[in-house]
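In what follows, a structure is listed as structure tokens, so that the remarks can point back to it.
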Amino acid sequence: MPKPLRLNIMYADTGGGHRATSQAVIDGLKARYGDGVEPVLFDGLRTYAPWPVSHLDDMYPWMSGMSKTWGDGWTTLNDPDVARRFMRGWWPYVRDAAIKMMQEPCDAVVNVQPLYTYPALWAMDHIGIRRPFVTMVSDLIVVHALWCDPSTDAFLVPTELSHARAIQNRIPPEKIKVVGLPIRLSFAIPPKPKPVVRQQLGLADKPTIILMGGGQGLGGVFEIAEAIGRSGLDVQLIVVAGRNKKLKEQLDSARWPIELRPYGFTPDIPDLMNAADVLITKAGPTTICEAFTRNLPIIISGYIPSQEDQNADYVIQNRAGVLAEQPELIVETLRQWLGDPALLAELSRNSGALARPRSAIDAAEEIYRIATTRPTTYRVHRREPLLARLDRFFGT
Ligand code: UDP
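For the sequence shown, numbering that gives the first Met the number 0 begins at 0 and goes up steadily by one.
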């Protein structure tokens, strides 16, 4: 039997989205090619990066919560020349880590974290081994310039809008392919009827709301839950706190006059979404795409500035939901939607129209194509010539 194709998938736990996309890509590869592939997941930060970069995942909730400062920094870097210069500044510090990461044997690399793109491609240059390299963008609309080293072999994006952004950031058009944002394959299975799922979860068959804040449980989740809990609305509420332990504790000790189901980090999002009529969430790209497959109308309760606001616009412009940031406004929106079944049904249809449940398979096929058609090339290892080093440092 031929050896399986080994595919190294590089991600980091900054938010839940990169891990969710990576896991979905793995599901897609295994479902499509079975034993013909061996996907291996690498947390590049935790495994290789020097301190404190190795702990960026711990700092991410705090940093992204610094609203304006985070948004300004993110916007400043979102320019191909600035992004390249910025990474060049980091290169001496992260070079050894990037080299170790790219020395891991494999037939192709799939990159699911924007911070790795430049260092990974430079590291391959440095060690003289050029493996097939696929960039899998795990945002919905915005394609940040940090993703965009034009020398990648393939650039997979979720939407036509992100396709246009990739071109603006100088990715050659022939390398770009719209595959959707990979989500778990369990979202490709048509949802069971709500009464059945609710019964399985021990819930009553009545209006059900699911409230989420991404993998880290960000975005004033407790305040929103409390407003719903005390609103007098005749609903039951599922709240997913993700990795936010404090939020989970707060929810566990909450006593409100509604049926409240708090969850910590759970793999059961497909079932929980199945049971719900409405999703309330910050504008995380993966959660939004998952909700589309469940035909869920979405109340966007907040967004990480610059990074996620266009996800909110996408939902609103396609009439799959609204933006409502204050807890009182969220309660008012729920009251209006639940009191108007025709409106709720229309929002639900619009949401379903945006679904791409096969995205993990489509991404897997592109990755496999690149891995099997691009050869790994080698050149004799040599110290990088001084001129090349200067060029990397100062740019052309
Ligand atoms: N998620 C999960 N279990 C949880 C909380 C979140 O599986 O308890 C998943 C969620 O379904 C989605 C991902 O984590 O796939 C969150 O990604 P998103 O892009 O929405 O937000 P991020 O966490 O990256 O900010």
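Built from N, CA and C at the ideal position, the CB exists for glycine as well.
- Under the DSSP assignment, residue 361 falls outside any beta strand (DSSP E), being part of the alpha helix (DSSP H) whose first and last residues are 358–372.
- If only uninterrupted alpha helix (DSSP H) runs of at least 4 residues are considered, those enclosed by the segment 37–108 are 43–47, 55–63, 66–76, 79–102.
- In its chain, beyond the 5 residues on either side, 183, 184, 359 have a beta carbon closer than 7 Å to the beta carbon of residue 26.
- Distance from the C-beta of residue 211 to the nearest heavy atom of the ligand UDP is below 7 Å.
- In terms of side-chain proximity, the C-beta atom of residue 85 is found no nearer than 7 Å to any non-hydrogen atom of the ligand UDP.
- Residue 43 has its CB no nearer than 7 Å to any heavy atom of the ligand UDP.
- If you draw a straight line from the Cα of residue 114 to the Cα of residue 148, it is about 11 Å long.
- Residues 98, 101, 102, 380 of the same chain have their beta carbon placed closer than 7 Å to that of residue 126, with the five preceding and five following residues left out of the count.
- For residue 351, the CB contacts under 7 Å within the same chain, skipping 5 residues up- and downstream, are 291, 294 in chain order.
- Within 7 Å of the C-beta of residue 285 there is at least one heavy atom belonging to the ligand UDP.
- DSSP places residue 208 in the strand class (E or B) of the three-state scheme.
- Residue 340 is classed as exposed because its beta carbon has fewer than 16 other beta carbons within 10 Å across all chains shown.
- Not one heavy atom of the ligand UDP lies closer than 7 Å to the C-beta of residue 196.
- When DSSP states are grouped into helix, strand and coil, residue 252 belongs to the coil group.
- In the three-state DSSP reduction, residue 4 falls in the strand class (E or B).
- Within the same chain, 226, 227, 230, 232 come within 8 Å of residue 330 by CB-CB distance, once the 5 residues on both sides are set aside.
- A direct Cα-Cα distance of roughly 34 Å separates residue 178 from residue 325.
- Here the alpha carbons of residue 219 and residue 342 stand approximately 27 Å from one another.
- The beta-carbon separation of residue 272 and residue 248, rounded to 24 Å, does not stay under the 8 Å limit for a contact.
- Contact holds between the segment 132–144 and the segment 69–79, because three or more Cβ pairs, one in each stretch, are under 8 Å apart.
- Counting of Cβ neighbours within 10 angstroms places residue 371 among the exposed residues, the total staying below 16.
- Under DSSP, residue 171 takes part in no beta bridge, so it has no partner.
- Ranked by Cα distance from residue 18, the first of 42, 164, 171 is 42.
- Distances from the CB of residue 19 to the heavy atoms of the ligand UDP include at least one below 7 Å.
- With fewer than 16 neighbouring CB atoms inside 10 Å of its own CB, residue 50 falls in the exposed class.
- Rounded to whole angstroms, the gap between the alpha carbons of residue 300 and residue 22 is 26 Å.
- Contact between residue 281 and residue 258 does not hold, since the beta-carbon distance rounds to 23 Å and is not under 8 Å.
- Judged by DSSP in its simplified three-state form, residue 196 adopts helix.
- Under DSSP, residue 135 takes part in a beta bridge, and its partners are 155.
- Here residue 1 is exposed, its C-beta having fewer than 16 other C-beta atoms within 10 Å.
- According to the DSSP secondary-structure assignment, residue 259 is paired through a beta bridge with 236.
- Taking C-alpha positions only, residue 270 is separated from residue 84 by approximately 44 Å.
- In chain order, 131, 152 place their CB closer than 6 Å to the CB of residue 373, counting only its own chain and leaving out the 5 sequence neighbours on each side.
- Residue 318 is not a Cβ neighbour of residue 278, given a cutoff of 8 Å.
- Straight-line measurement puts the Cα of residue 338 at about 44 Å from the Cα of residue 55.
- For residue 246, the closest alpha carbon among the candidates 38, 255, 20, 211 is that of 211.
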